[in-house]
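Structure first, then comments.
Protein chains in written order, with the working numbering: chain S, 741 to 1216; chain R, 125 to 354.
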């Protein structure tokens, strides 16, 4: 596992990202377009909320029986001729795949889109072994050409404009500059098609694994998942332990809501049901199929009854699109392959203590919870993780600050019981703070209150004014 | 294999004793009501509308003879020279192939292949301008074609050529996804690779703008077959 960045890095990268107006413009336009699509499909899907409820119930049930389901899945996969490998951590999974690729004499590995292989940093490990890993999802292909990592779970190149991509292609391929998405896509298609037809080793992620049949379900729009899983002689599917569901009939609930929340489609273009390697006489499909089932901190999340719910996630990316933090800083600033609200609750468990600051990077506005297709109560989990950090097993290193805050709150509670005192203090504060205010907001508070305004603006107290009914515009 | 036991054990530990409040049966999904009485033609027209909504082209509800003629016309319309096709589910694909040959199209017929012939066969399918396949089912509510593949009718037919044509029998147009999965059942799904196809291959990876024809076909055409005696 690469060294996970420190909290200080996150503060720096997010501050830099907030100041990047071009990035903000791209994120805002992409998110807005996404939410428009979503609103359209949601409007004509009246049972949407019932489906979310059903999906939530099925996933929660599956996690509650995960040990049994994993045993059932493993035996069904093996009966279908798959080789199953359980990886305790990222290094286990990486080593298994790299050794397998070496044993097969693979020079090139074609990869379908997979966040789990990003999580285990497979590409780097393959490169170190002298094996070329080619990302084939268009967005992943683009970020790989730039030597970057994806900045969004569903739309990896969301931080780039078509002009950025046009310049990249002109640069890397020596072709004439164009910013037309159609031409850029056609260029990538022809380059990748040649690679696919000669590929001998393919790797993809998995969206759902059906225990009763030993079937892996892969959802995608481009066709690269189909190609990665049918062209090569050896095919490896990588999945987290939480991807398993009990029955085939559970699946329809997930497929329709996943497509709607992830991309605003009713169903994704391609849904592949893969049960074992190719049969005799088949033109398509691998001769050898391996399934790598990854724990990497997930079982420790099950042990925490609040955090367990985070394993319901089906990686649709919708919580990123609605998150006011994500929309201002983008995916890279989080320094985790899983950015946004869902990333903030799973990263600390997958990547260890260095990601402990992420649960604090949230306004707890609840937009993520409202859009989540499997109804994960993300704000509740964020608060739970914050609580664990400050009072739980591994408190942060500011116990005195917390004690001070508690004392302050007790003092405030005492004063707040006397309205006249509160009004007098308010008047006094308004008078004192007036010279600091600018356009109704105080950007920097004096003295010990300065910490508060380090990351936010304080509305100027206005004692003569009764509080207006209804919400006020928050500071920009 | 030590790892599996270790991970199952840690999952078990994490779940804890008594955490299992609801039985496996209780965790089962609620069933989605399936439209039982919906008229076939109504389902077919819903399918047509939804297919067009995702960028597919619906060529009509046709009799088997009309289907053959329409396919020959389509191959001409898109300027195809080579057409790849395999066996059908219910339809006589050989007759379609012969009609195309009579109209001077080159035909690639997919047949079960030995391991050594795979690469060559695939090159031939990839070089075709149009791939023809028959779907096992269609889903009206989403405009989806459900295609089971095997040696006679490989998945490549709907993936490698730049244009795709899929036919489906009218009594196999189902109301929704749940109905198709129920119709296939666990054994049907597990028997062979199954692919649900909803429109042409597409991406929105560049500024969330939709572009068709990334790795799969840029265009997909569908025909619903209505047998004469029905």
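We treat Cβ as the ideally placed atom computed from N, Cα and C, and that holds for glycine.
All figures in this text were calculated on a predicted structure; none of them were measured in a lab.
query	result
Within 9 Å of any Cβ in chain R, is that where the Cβ of residue 1119 of chain S sits?	no
Report the option in S:1092, S:1082, S:1112, S:1116 whose CA atom is closest to the CA atom of residue 695 of chain S.	Shown here, chain S extends from 741 to 1216; a query on residue 695 of chain S therefore has no answer.
Between residue 1084 of chain S and chain R, is the shortest Cβ-Cβ distance under 9 Å, so that the two count as touching?	no
Going by beta carbon distance, what residues of the same chain come within less than 7 Å of residue 994 of chain S, once the five residues before and after it are set aside?	795, 948, 1054
May I ask you to check if the CB of residue 246 of chain R is nearer than 8 Å to at least one heavy atom of the ligand ATP?	The ligand ATP is not part of this structure, which contains no ligands at all.
Could you pull the start and end residues of the alpha helix (DSSP H) that residue 728 of chain S belongs to?	Because chain S in this structure spans residues 741 to 1216, residue 728 of chain S falls outside the shown range and cannot be described.
In the structure shown, what three-state DSSP assignment does residue 1199 of chain S receive?	strand
Count the other CB atoms within 10 Å of the CB of residue 1072 of chain S; is the residue buried (16 or more) or exposed (fewer)?	buried
Mind checking residue 171 of chain R: buried by the 16 CB within 10 Å criterion, or exposed?	buried
I'd like to confirm the pairing. Which residues does DSSP put opposite residue 298 of chain R in its beta bridges?	R:263
Restricting to Cα atoms, I'd like to know which of R:322, R:258, R:186 is closest to residue 216 of chain R.	R:258
State yes or no: is the beta carbon of residue 131 of chain R nearer than 9 Å to at least one beta carbon in chain S?	yes
In chain S, what lies closer than 9 Å to residue 245 of chain R by C-beta?	1023
For residue 1062 of chain S and residue 284 of chain R, I'd like the C-alpha separation in whole angstroms.	36 Å
Helix, strand or coil for residue 349 of chain R per DSSP?	strand
Mind checking residue 274 of chain R: buried by the 16 CB within 10 Å criterion, or exposed?	buried
If you follow the beta strand (DSSP E) that residue 805 of chain S is part of, which residue opens it and which one closes it?	Where residue 805 of chain S is concerned, there is no enclosing beta strand (DSSP E), given that its DSSP letter is neither H nor E.
If we cut at 9 Å on Cβ distances, does residue 339 of chain R have a partner in chain S?	yes
Between the alpha carbons of residue 270 of chain R and residue 252 of chain R, how many angstroms are there, rounded?	22 Å
Compile a chain-ordered list of the residues in the stretch 747-770 of chain S whose CB is closer than 9 Å to at least one CB of chain R.	766, 769, 770
Could you say if the stretch 759-779 of chain S and the stretch 1006-1015 of chain S meet the contact criterion of at least three C-beta pairs nearer than 8 Å?	no
At 8 Å on the CB atoms, spell out the chain R contacts of residue 681 of chain S, in chain order.	Outside the shown range of chain S, which is 741 to 1216, sits residue 681 of chain S, and nothing can be said about it.
Which residue spans inside the stretch 164-204 of chain R form an unbroken beta strand (DSSP E) run of at least 3?	181-186
Give every residue of the same chain whose Cβ lies closer than 6 Å to the Cβ of residue 965 of chain S, excluding the five residues on either side of it in the sequence, and list them in chain order.	852, 944, 958
Do we get a CB-CB distance below 9 Å when we pair residue 884 of chain S with the residues of chain R?	no
Which residues, in chain order, does the stretch 783-795 of chain S contribute to contact with chain R at a C-beta distance below 7 Å?	794
Taking the alpha helix (DSSP H) that residue 995 of chain S falls in, what are its first and last residues?	991-1003
Does the pairing of the stretch 1029-1037 of chain S with the stretch 825-839 of chain S give three or more beta-carbon distances under 8 Å?	yes
Identify, in the order they occur along the chain, each residue of the same chain with its Cβ nearer than 6 Å to the Cβ of residue 1193 of chain S, setting aside the five sequence neighbours on each side.	1184, 1185
Output needed in chain order: residues of the stretch 272-303 of chain R with a Cβ under 7 Å from some Cβ in chain S.	273, 274, 275, 278, 279, 280, 283, 301, 302
What residues in its chain sit with their C-beta under 6 Å from that of residue 937 of chain S, if we drop five residues either side in the sequence?	none
Whole angstroms is fine: what's the gap from residue 1168 of chain S's alpha carbon to residue 1181 of chain S's?	17 Å
Taking the alpha-carbon of residue 941 of chain S as reference, which of S:953, S:894, S:876, S:931 has the nearest alpha-carbon?	S:876
What are the residues of the stretch 920-947 of chain S that lie near chain R, defined by any Cβ-Cβ distance shorter than 8 Å?	921, 922, 924, 925, 926, 928, 929, 932, 933, 936, 937
Using DSSP bridges, identify the partner residues of residue 289 of chain R.	R:256, R:345
Quick one: give me the first and last residue of the beta strand (DSSP E) that residue 873 of chain S is part of.	872-875
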